Amino acid sequence: AAFTIGMLLTPPDVISQTLMAVPMWLLFEFGLIIGSWYKPKMNEK
C-alpha cells in the first residue's frame, strides 16, 4: 500500500516513488512494533 500511495503522490520516476514509499513503510512497521508492546490490562473480577 505504501508503494501505491507513493506512486500516486509523486512524479512517474522510480527514485521519487521509492523515496516517498520507504519512509511510509518504515512508519507502518514502527507502528506495528509499538502496538505489539501495548497490551490492554484485563480486569480481574
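Using the working numbering, you'd call the opening residue of the sequence shown number 502 and step up by one each time.
For every residue, glycine included, the Cβ atom is placed at its ideal position computed from N, Cα and C.
This structure is a prediction, so every number in the text was calculated from the model and none was measured.
For T511, name the three-state secondary structure that DSSP assigns.
coil
Among residues of its own chain, excluding the 5 on either side of T511, which ones have a beta-carbon nearer than 7 angstroms to its beta-carbon?
S517, Q518 and M521
Run through DSSP, which three-state label would A502 get?
coil
Exposure label - G507; buried when at least 16 CB within 10 Å:
buried
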